[in-house]
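Q: After the structure tokens below, expect a handful of questions from me.
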Amino acid sequence: MGNILLISENDETFNKFKKLLDTENYNFNSCCTPTSIFDLIEISPIDAVIIDEVTENLNLNLTIKRIKSKQENTQILLLTNGENIDEEISKLVSGFILKNYSDNLIISTINSHLKNKEKLDILSGKNKDLADSLYRLNVLYNTSSQFAGTLDIKELLNYMIEGLDKSLSFDLTCTLSFGFEQEPVLIINSLYDISEEIMSALKLRAILNYKSLFENGQPPFEIDDKNLKIIKNIKNPNNKFTFTIFQFDNMFAPIDLGDNFFGCIEIFKENPFTTDDATYFQTIVQQVSLPLKSAGLYKEIIHKNEELEKLERVKSEFISIVSHELRTPLTPIKNALSILASGRCGQLEENAMKFVDMAKRNVENLTNIINDILDINKIEAGKMDFNYKLMNIHSVIENVKTNFDCVAKEHEILFNTDEQENLPDIYADSQRLGQVLTNLVSNAIKFTPKGKNITIKSELKNANEISANPHFENELKTLEGNYIIVSVIDEGIGIKESDLIKTFDKFTQIENSLSRKVGGTGLGLPIAKQLIKAHKGTIWCDSEENIGSSFHFALPVTTETIEGKTIQKELL
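So this is what it looks like as structure tokens:
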């Protein structure tokens, strides 16, 4: 019914309680020295202790505190005559038995406190279970947070092992992984060291467990004990496991997510696993699967990026070499054709002169193509040189207008300018802006029929006043302050609405009969976009098919005056 300990020096008291409790089938013991009391408590848990208040060899206060520290729920009853009870002791004990109590009242009092002890034990058990659950939930939360904080496969597996160790206190885990090495790896996390014989057995066990997962199909990886790399992490290397480790309780689970297989894990523990243990084990193993998939994808992306960067370097080097090799013989060819055309080698017949002129034009076209390729290559590699200085956009427009006047006349196109007066100076590279405007005017002439107009326009606008086709609205949203807007407006073939977004893509030409006829690399507009971007500006276009197109670029004019000079702060 219960283990009762009587602490008393009085023989009469001892005999009374022994006779009474033996009759009621209690397990009864009695002692009165500190050593015997605590030796007895260590041997067998005590449900109730009856302490005689007149026990002279004991410090009652200290003895009660020590008993409660050893067995928190043990009921301590003070045997007293009810007079002059020490106040401190009355706070420590669970109840009282008066010496003049009848036998029935004594038994009732003891039974009542034994029931309290039983309830307290149940409550303590539930509290312990709750505390364990809260601890494990905290481990799960922290482990999940660690999973979310890394894309390194090795770290993810280490976090999984740490989470299992904290929540299950395992003796040994064997994790078969195919993720972070170029070969399959068996990761051993062990409380004690492992002999070579046990290691061989663990390797074979891991391989068999792995293959058992794919009895009805082909395993994703072929492994054997020869190509299986071992990584050991030993907590206490001074001790060693024996083959009794294989008699420990164990759990096994694959680490996978859908069709993605990352490995498997087996865990050993000397004490049996509970149902809750199995739940936590499966939960942590499942939790690591999704970040392992993300880590694998991230690793693949890194690998692909490295390959792409390597290909980009090879492409750039190839373009640079080929372009220079092509451009080198073009110079003497161009000079030779100029000499032939000049008549210094003899006057050419009219037909021969036509062929020389044709050759000169094609050499010039090829030179332009090579220059475009070299320019875009320099821009993408960040090697394009810029010479920024104070300048006025009027000079760039006039130079381009002068250079293309004859070409426009040859194509019977009306070419003019519409410039706002007194535009502020800007801090820019006039050569690069001239290159941009040349590309835009050249394109306009290519795609504008005879008798139509091309106009270069310039004006000062605030960012709030600038509007564009919806395809380019996002680029304009970043603009703030005042800008010089330069536009090349033509009455050419125009561009379909669906093709506008592609106008600044590399190697792109809008598909129609005229574009195929005039040819080109498709690099002029991408180069122009990058050059304007280097000036902290933006470029866009508007067009209507069979009506015409207008290409615009905006250059910032946020300025201040220092010593009489207007300078642009953004580009200093």
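For what it's worth, our numbering labels the leading residue of the sequence shown as 427, then goes sequentially. Idealized CB from N, CA, C, for every residue including glycine.
1. Among the residues of its own chain, which have a CB less than 7 Å from the CB of Asn825, if the five just before and after it don't count?
2. I need the DSSP call for Tyr618, collapsed to helix, strand or coil.
3. Suppose contacts are defined by Cβ-Cβ distances below 8 Å. Is Ile958 in contact with Val862 by that definition?
4. Quick check on the burial criterion: 16 or more other C-beta atoms within 10 angstroms. Buried or exposed for His729?
5. Measure the alpha-carbon distance for Ile880 versus Ile915 and round it to whole angstroms.
6. For Gln713, does the count of other Cβ atoms within 10 angstroms reach 16, so buried, or fall short, so exposed?
7. Apart from the five residues just before and just after Ile759, which ones in its own chain have a Cβ nearer than 7 Å to its Cβ?
8. For the alpha helix (DSSP H) containing Val789, list its first residue and its last residue.
9. Starting from the C-beta of Pro717, find all residues in its chain whose C-beta is less than 8 Å away, skip the five residues before and the five after it, and write them out in chain order.
10. From the DSSP output, in three-state form, read off His978 for me.
11. For Leu680, which residues does DSSP report across the bridge?
12. Does Leu723 pass the burial test, meaning 16 or more other C-beta atoms within 10 Å, or should it be called exposed?
13. In the structure shown, what three-state DSSP assignment does Asn865 receive?
14. Is Ile567 buried or exposed, if buried means 16 or more other CB atoms sit within 10 Å of its CB?
15. Report buried or exposed for Glu438, applying the criterion of at least 16 other Cβ atoms within 10 angstroms of its Cβ.
16. Could you pull out every unbroken beta strand (DSSP E) segment of at least 3 residues lying fully inside the region 462-516, listed in chain order?
17. Just checking my contact of Thr481 with Glu435 at CB under 8 Å: how many whole Å lie between their CB atoms?
18. Can you name, in chain order, every residue of its own chain whose Cβ lies under 8 Å from the Cβ of Thr793, other than the five neighbours on each side?
19. CB-CB under 7 Å to Ser570, same chain, minus the five flanking residues each way: which ones, in chain order?
20. So what's Lys943 in DSSP terms, helix, strand or just coil?
21. Could you check what DSSP says for Gly769 in three-state terms: helix, strand or coil?
22. Do Ile710 and Leu590 have their CB atoms nearer than 8 Å?
23. Leaving out the 5 sequence neighbours to the left and right, which residues in its chain are closer than 8 Å to Met779 when beta-carbon positions are compared?
24. Answer yes if the region 919-931 comes into contact with the region 964-974, meaning at least three C-beta pairs across the two stretches below 8 Å, and no otherwise.
25. Mapping DSSP to helix, strand and coil, what is Pro663?
26. Whole angstroms is fine: what's the gap from Ala762's alpha carbon to Gln773's?
27. Do Leu949 and Ile745 have their CB atoms nearer than 8 Å?
28. What did DSSP end up calling Ile657 once you bin it into helix, strand or coil?
29. Out of Phe464, Gly508, Val822, Pro680, which one is the CA nearest neighbour of Ile633?
30. For the region 817-900, which segments carrying the beta strand (DSSP E) assignment without a break, of at least 3 residues, lie completely within its bounds, in sequence order?
31. Leaving out five residues before and five after Asn665 in sequence, what residues of the same chain have Cβ atoms less than 6 Å from its Cβ?
32. Identify the continuous beta strand (DSSP E) that holds Val519 and give its terminal residues.
33. Any contact of the region 650-668 with the region 597-612, i.e. 3+ C-beta pairs under 8 Å?
34. If I follow the unbroken alpha helix (DSSP H) through Asn568, where does it start and stop?
35. When you compare each of Glu641, Gly643, Ile620 to Thr668 by their alpha carbons, which one comes out closest?
A: If we stick to the structure as given:
1. Gly860
2. Here Tyr618 sits in strand by DSSP.
3. yes
4. exposed
5. Just so you know, the alpha carbons of Ile880 and Ile915 end up roughly 6 Å apart.
6. buried
7. Val789
8. 776-807
9. Phe573, Ala574, Thr576, Leu577, Leu582
10. strand
11. Per the sequence shown, residue 680 should be read as Pro rather than Leu. Per DSSP, Cys690.
12. So Leu723 ends up on the exposed side.
13. Correct three-state label for Asn865: helix.
14. It is worth fixing the name first, because residue 567 is Tyr in this sequence and not Ile. The residue is exposed, with fewer than 16 neighbouring Cβ atoms inside 10 Å.
15. exposed
16. 474-478, 501-506
17. 5 Å
18. Arg753, Leu756, Lys760
19. Gln713
20. Residue placement at Lys943 cannot be trusted, given a pLDDT of 48 that sits under 50; the coordinates are not used to answer.
21. Per DSSP, reduced to three states, the secondary structure at Gly769 is coil, with no helix or strand assignment.
22. The answer is yes: Cβ separation under 8 Å.
23. Here the set comprises Ala767.
24. Yes: the two stretches touch, three or more of their Cβ pairs being nearer than 8 Å.
25. When secondary structure is reduced to three states using DSSP, Pro663 falls in the strand class.
26. A direct Cα-Cα distance of roughly 14 Å separates Ala762 from Gln773.
27. no
28. strand
29. Pro680
30. Listed in chain order, the complete beta strand (DSSP E) runs (minimum 3 residues) inside the region 817-900 are 840-845, 852-854, 879-888.
31. Non-local beta-carbon contacts of Asn665 in its own chain, meaning distances under 6 Å to residues more than five positions away in sequence, involve Tyr618 in chain order.
32. Run containing Val519: none; DSSP gives neither H nor E here.
33. Yes, since at least three Cβ pairs between the region 650-668 and the region 597-612 fall closer than 8 Å, the two stretches touch.
34. 529-574
35. Minimum Cα-Cα distance from Thr668 among the listed residues Glu641, Gly643, Ile620 corresponds to Ile620.
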